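Chemist: Handing you a structure now.
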Amino acid sequence: MTEPVITARAFFERARAGQLTAVRCGSCGELAIPPKELCPACHARAWQPVPLVGEGTIASFTVIRVAPRAHAADAPYAIAVVKLQEGVSILGRIVDIPLDKVAVGLPVRFRPLGAQDQTSVGFGPLG
Amino acid sequence: MRRVAVIGVGVTKFGLHDRTSAELFADAAGDALTDAGIPASAVQALYYGNVVGGETEHQLHTGPQAASVLGIPSVPTTRFETACASSHAAFRHAVMEIGAGVSDVILVGGAERVLNVSTAESTEYFAYASDAVWEQPLGLTFPGVFALIARAHMEKYGTTEAQMAAVAVKNHRHGALNPKAQFQTQITIDQVLRSAYVADPLKLFDCCPFSDGGAAVVLASEEVARRHRKPVWVLASAAASDWMLLGDKRDLARVGPTDVDVVELHDCFTIAEIVATEGLGLFEPGAGGRAAETGRTSLGGEVPVNPSGGLKAKGHPIGATGAAQIAEIVTQLRGEAGPRQVDGARTGLTHTLGGNTATVLVSLFGRD
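Protein chains in written order, with this note's numbering: chain A, 1 to 127; chain B, 1001 to 1368.
As structure tokens, this is what we get:
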């Protein structure tokens, strides 16, 4: 029996409701996001879902100017690696922050993005 | 493990071609067999790299199809797909098979055709090598992945856009000496810095091109290789995922970074070369940008990197790249590289990335 939170579908259902979720290993305490089947640290299969605060800072970023066809209308847009308060990092689209204000160290807050029935990870201003 | 040698190499010119990828591979493979001086009937297996054949040529099962076009249809053939590292992965498996005593002669190669579709299409197809759930929906591209690495490297070590530009200028200077290179023209730092941003901080001239092309190498056991001209020995071939360090692998060959005379590494973007020279232990972490800028990795420098012009100038037909890098190192160790020859090269290294660096292959080569 698979714990629902470890599926991508469950992750994005929670994300759509505004909740960013990681998983913590019940054996060694490792925190992981996105969720995985086995703990990459100890290979146990004993995850518990952990709701995250959804706040972090930009660790690295880029502004995509030549985009894949499906995203061409959005270009230019920023994508960042965000280091979350809890210590794990995740990739997300930056929204509602002018491109020239996006910077390493900038505090951001999670927000779900919806496009073509697909929820994806976004980050907007903290304030 | 038995000793394994490369006894033949062949590479097409890289760039725009009006031929299928299988034809490009067959062209290179014919040259490799001629170079080895070995009949096609001696080949016991073909391991083949091809990535986007399904998308750009509507062709899957590309291994046996390439074998058929070459004219060795009954040879057991497998296609390897590890994105841009595909034919290097194929090479490693051939080394293991000959090393284990299963086969004596194996043909390894790869080919790609992408210039028959638009840049928008090829950008999308290449992005299929990133994660379809977590990365593609964000609109992440391959320049974007390496731009994230570049920004982090700049923040941590103070690496500059001019240092990245120095890698592009150096590889174009080398490519101008390679008649097989897609770009044989020199460029300036200023031209790189003035080129348009593709994914900040990477600009057009920080990026390798889309390319068509094929490459092949013939591998043989020591017993067979001794009967042929100038065997180049495979000292080690290692693979990892999410891991760029030569690190522990050097023990396989008892070779350290300071023993390497010439390197062909995966400069899909200028920052990738800087990071790889650090990860391989050629320079300290953070010192790769300055090393490029001060000529330490140029022909004539202490450790020439990408004398072929690299992916940046030679071109990057992704299925062929690993085999083409190996072909260059073999040519260098034979002393047959002409105006781009690294004098007295005895030990060489190839390094190939696949996808978001999710695949890394490193092989070491030496001569008698």
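Just so it is clear, CB atoms sit at the ideal spot from N, CA and C, and this is done for glycine as well.
Given the structure is predicted, the values throughout are model-derived calculations rather than measurements.
Let me confirm a value: Leu126 (chain A) is counted as buried when at least 16 other C-beta atoms fall within 10 Å, else exposed. Which label applies?
Modeler: The sequence position of residue 126 (chain A) within the first sequence is 126, counting from 1. Looking at its Cβ environment, which holds fewer than 16 other Cβ atoms inside 10 Å, Leu126 (chain A) is exposed.
Chemist: Rounding to the nearest angstrom, what Cα-Cα distance links Asn1306 (chain B) and Glu1222 (chain B) in this structure?
Modeler: Counted from its first residue, the second sequence places residue 1306 (chain B) at position 306. Counted from its first residue, the second sequence places residue 1222 (chain B) at position 222. The straight-line gap from Cα to Cα measures roughly 28 Å.
Chemist: Quick one: give me the first and last residue of the alpha helix (DSSP H) that Gly1288 (chain B) is part of.
Modeler: On the second sequence, position 288 is the one that residue 1288 (chain B) refers to. That run of the alpha helix (DSSP H) goes Gly1288 to Glu1293.
Chemist: What is the DSSP secondary structure of Glu1328 (chain B), counted as helix, strand or coil?
Modeler: If you number the second sequence from 1, residue 1328 (chain B) lands on position 328. The answer is helix: DSSP assigns Glu1328 (chain B) an H, G or I state.
Chemist: Since I believe Glu1264 (chain B) is in contact with Ser1211 (chain B) (beta carbons under 8 Å), could you give me their beta-carbon distance rounded to a whole number of angstroms?
Modeler: Against the second sequence, residue 1211 (chain B) aligns to sequence position 211. Against the second sequence, residue 1264 (chain B) aligns to sequence position 264. Not really, about 16 Å apart at Cβ, beyond 8 Å.
Chemist: State the beta-bridge partners of Val1260 (chain B) as determined by DSSP.
Modeler: Indexing the second sequence from 1 puts residue 1260 (chain B) at position 260. DSSP output for Val1260 (chain B) lists no bridge partner at all.
Chemist: Could you tell me whether the Cβ of Glu1223 (chain B) comes closer than 8 Å to any Cβ of chain A?
Modeler: One-based indexing of the second sequence puts residue 1223 (chain B) at position 223. Answer no: the Cβ-Cβ gap between Glu1223 (chain B) and chain A never drops below 8 Å.
Chemist: Note the first and the last residue of the continuous beta strand (DSSP E) segment covering Gly1301 (chain B).
Modeler: Walking along the second sequence from the start, residue 1301 (chain B) turns up at place 301. Segment: none, Gly1301 (chain B) is in no beta strand (DSSP E) and carries neither H nor E.
Chemist: 8 Å is my cut-off, CB to CB: does Thr1347 (chain B) come that close to chain A?
Modeler: Counting from 1 along the second sequence, the entry for residue 1347 (chain B) is found at position 347. Closer than 8 Å: no.
Chemist: Whose Cβ in chain A lies nearer than 8 Å to the Cβ of Leu1140 (chain B)?
Modeler: Position 140 of the second sequence, counted from the first residue, corresponds to residue 1140 (chain B). Residues of chain A passing the Cβ test: Ile64, Ile79 and Leu91.
Chemist: Under the three-state reduction of DSSP, which class applies to His1088 (chain B): helix, strand or coil?
Modeler: For the purposes of this step, residue 1088 (chain B) is taken as the residue at position 88 of the second sequence. Three-state result, His1088 (chain B): helix.
Chemist: Just the C-alpha distance for Ala22 (chain A) and Phe11 (chain A), rounded to the nearest angstrom, thanks.
Modeler: Within the first sequence, the letter at position 22 stands for residue 22 (chain A). Within the first sequence, the letter at position 11 stands for residue 11 (chain A). C-alpha separation (whole angstroms): 8 Å.
Chemist: What's the call for Cys1268 (chain B), buried or exposed, on a 16-neighbour Cβ count within 10 Å?
Modeler: Counting from 1 along the second sequence, the entry for residue 1268 (chain B) is found at position 268. Result: buried.
Chemist: Helix, strand or coil for Val1102 (chain B)? Go by DSSP, reduced to three states.
Modeler: The residue you call residue 1102 (chain B) lines up with position 102 of the second sequence. Coil, per DSSP.
Chemist: Which chain B residues sit within Cβ distance under 7 Å of Asp74 (chain A)?
Modeler: Within the first sequence, residue 74 (chain A) is the residue found at index 74, counting from 1. The contacting residues are Gly1139.
Chemist: Terminal residues of the continuous beta strand (DSSP E) containing Ala1236 (chain B)?
Modeler: As a first step, residue 1236 (chain B) is located in the second sequence; it is residue number 236 there, counting from the start. From DSSP, the beta strand (DSSP E) with Ala1236 (chain B) extends over Val1232 to Ala1240.
Chemist: How many angstroms separate the CA atom of Asp1248 (chain B) from the CA atom of Val1360 (chain B)?
Modeler: The residue given as residue 1248 (chain B) occupies position 248 in the second sequence. The residue given as residue 1360 (chain B) occupies position 360 in the second sequence. At Asp1248 (chain B), the pLDDT of 44 sits below 50, so the modelled position is not reliable and the matter cannot be decided from this model.
Chemist: Just to confirm, is the Cβ distance from Ser1021 (chain B) to Gly1322 (chain B) under 8 Å?
Modeler: Translated into positions along the second sequence, residue 1021 (chain B) becomes position 21. Translated into positions along the second sequence, residue 1322 (chain B) becomes position 322. Taking 8 Å as the Cβ cut-off, Ser1021 (chain B) and Gly1322 (chain B) do not qualify as a contacting pair.
Chemist: Do Ala59 (chain A) and Val95 (chain A) count as a contact pair if the criterion is CB distance below 8 Å?
Modeler: Here residue 95 (chain A) corresponds to residue number 95 of the first sequence, with the count starting at 1. Here residue 59 (chain A) corresponds to residue number 59 of the first sequence, with the count starting at 1. For Val95 (chain A) and Ala59 (chain A), no; Cβs fall outside 8 Å.
Chemist: Pull up the distance between the alpha-carbon of Ala1120 (chain B) and that of Ala1029 (chain B), whole angstroms please.
Modeler: As a first step, residue 1120 (chain B) must be located in the second sequence, where it is residue number 120. As a first step, residue 1029 (chain B) must be located in the second sequence, where it is residue number 29. Distance between the alpha carbons of Ala1120 (chain B) and Ala1029 (chain B): 31 Å.
Chemist: DSSP puts Lys1203 (chain B) in a beta bridge; with which residues?
Modeler: Translated into the one-based positions of the second sequence, residue 1203 (chain B) becomes position 203. Looking at the DSSP assignment, Lys1203 (chain B) forms a beta bridge with B:Tyr1197.
Chemist: Looking at chain A, is there any beta carbon in it that lies within less than 8 Å of the beta carbon of Tyr1197 (chain B)?
Modeler: Here residue 1197 (chain B) corresponds to residue number 197 of the second sequence, with the count starting at 1. It does: the Cβ of Tyr1197 (chain B) has a partner Cβ on chain A nearer than 8 Å.
Chemist: Considering only the alpha carbon of each residue, which of B:Leu1046, B:Ile1007 and B:Val1167 lies closest to Thr1034 (chain B)?
Modeler: Counting from one through the second sequence, the residue named residue 1034 (chain B) turns up at place 34. Ranking B:Leu1046, B:Ile1007 and B:Val1167 by Cα distance to Thr1034 (chain B) puts B:Ile1007 first.
Chemist: Using the DSSP secondary-structure output, state which residues sit across from Val1217 (chain B) in a beta bridge.
Modeler: Looking up residue 1217 (chain B) in the second sequence gives position 217. Its beta-bridge partners are B:Val1009 and B:Val1108.
Chemist: Under 8 Å between the Cβ atoms of Tyr1048 (chain B) and Phe1091 (chain B)?
Modeler: Mapped onto the second sequence, residue 1048 (chain B) falls at position 48. Mapped onto the second sequence, residue 1091 (chain B) falls at position 91. In this structure, Phe1091 (chain B) does not lie closer than 8 Å to Tyr1048 (chain B) by Cβ.
Chemist: Among the candidates B:Gly1348, B:Ile1326 and B:Gly1310, whose CA atom is the shortest distance from the CA of Ala1181 (chain B)?
Modeler: Working through the second sequence from its first residue, we reach residue 1181 (chain B) at position 181. Ranking B:Gly1348, B:Ile1326 and B:Gly1310 by Cα distance to Ala1181 (chain B) puts B:Gly1310 first.
Chemist: What does His140 (chain A) touch in chain B if you count any residue whose Cβ is under 8 Å from its own?
Modeler: Shown here, chain A extends from 1 to 127; a query on residue 140 (chain A) therefore has no answer.
Chemist: Against chain A, does Leu1246 (chain B) count as a neighbour if the rule is that its beta carbon must be under 8 Å from one of theirs?
Modeler: Locating residue 1246 (chain B) in the second sequence gives position 246, counting from the first residue. Confidence at Leu1246 (chain B) is low in this model, with a pLDDT of 42, below 50, so the placement of that residue should be treated as unreliable; the coordinate-derived value is given next. With 8 Å as the cut-off, Leu1246 (chain B) does not count as an interface residue toward chain A.
Chemist: Identify which residue in B:Val1052, B:Leu1046 and B:Ala1147 has its Cα closest to the Cα of Pro66 (chain A).
Modeler: Taking the first sequence and counting its residues from 1, the one referred to as residue 66 (chain A) is at position 66. Checking the displayed sequence, the identity of residue 66 (chain A) turns out to be Val instead of Pro. Comparing Cα positions, the closest option is B:Ala1147.
Chemist: Going by alpha carbons, who is nearest to Gly1348 (chain B) out of B:Val1303, B:Ile1318, B:Gly1315 and B:His1316?
Modeler: In the second sequence, counting from the first residue as 1, residue 1348 (chain B) sits at position 348. Selected option, being the one with the closest Cα: B:Val1303.
Chemist: Would Ala1147 (chain B) pass as an interface residue toward chain A - the criterion being a Cβ-Cβ separation below 8 Å?
Modeler: Taking the second sequence and counting its residues from 1, one reaches residue 1147 (chain B) at position 147. Interface residue, yes.
Chemist: Determine the burial state of Gly1060 (chain B): buried for a count of at least 16 other Cβ atoms within 10 Å of its Cβ, exposed for fewer.
Modeler: Reading the second sequence from its first residue, position 60 is the one you call residue 1060 (chain B). Looking at the sequence provided, one finds Leu at residue 1060 (chain B) rather than Gly. So Leu1060 (chain B) ends up on the exposed side.
Chemist: At least one CB of chain B closer than 8 Å to the CB of Pro68 (chain A): is that the case?
Modeler: In the first sequence, the residue the question calls residue 68 (chain A) occupies position 68. It does: the Cβ of Pro68 (chain A) has a partner Cβ on chain B nearer than 8 Å.
Chemist: How would you list, in chain order, the residues of chain A whose beta-carbon sits under 9 Å from the beta-carbon of Thr1123 (chain B)?
Modeler: As a first step, residue 1123 (chain B) is located in the second sequence; it is residue number 123 there, counting from the start. In chain order: Val66, Ala67, Pro68 and Arg69.
Chemist: Starting from the beta carbon of Pro34 (chain A), find every residue of chain B whose beta carbon is closer than 7 Å, and list them in chain order.
Modeler: For the purposes of this step, residue 34 (chain A) is taken as residue 34 along the first sequence, with counting starting at 1. Within chain B, the residues near Pro34 (chain A) are Trp1134.
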